[in-house]
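Listed below in structure tokens is the structure:
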């Protein structure tokens, strides 16, 4: 099987716009972490543990969703938007949940916290992450690259 170098790719595939994953990372990782810190930051050092969990889960989920959007070359049409939302609805909670589980057990074993008390706080943090996922998917639909047909209509 031969590799295709960039010079051998079709011109429209080389210059095709890419999905702005940075927007998703900002909305799904940074914004909920800051909001969580503003609401619960006065509680001391445990709040920082949850902020790290929230930021990590958002970063992993947003990066995976953005990568898949770029690999599938999703555009701003109804089919791509539906596929983008479906990817986000399934991949986001799955990767976010796995990230939460890994970080939760690392924190519980490192700091010897009671698991029952920690789980209640994780549920609150996970709620922030799911709200951020919903907002990220909504905003992400508007940041999908435009179709070439849409660009041609704008020029006329």
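Numbering (the working numbering), first residue to last: 58 to 213.
By construction, the Cβ of each residue, glycine as well, lies at the ideal position given by its N, Cα and C atoms.
Candidates 99, 200 and 107: closest to residue 141 by CA position:
200
Mapping the DSSP letters down to three states, classify residue 227 as helix, strand or coil.
Any property of residue 227 remains undetermined from this structure, which presents the chain solely from 58 to 213.
To the nearest angstrom, report how far apart residue 196 and residue 162 are at their CA atoms.
32 angstroms
Residue 126 to residue 78 span [Cα, whole Å]:
9 angstroms
Please report the distance separating the alpha-carbon of residue 148 from that of residue 169.
31 angstroms
With DSSP as the reference, label residue 202 as helix, strand or coil.
coil
Helix, strand or coil at residue 119 according to DSSP, with G and I counted as helix:
helix
Quick test of your reading: residue 119 and residue 90, contact by CB under 8 angstroms. State the CB separation rounded to the nearest angstrom.
Residue 119 to residue 90, Cβ: 12 angstroms. No contact.
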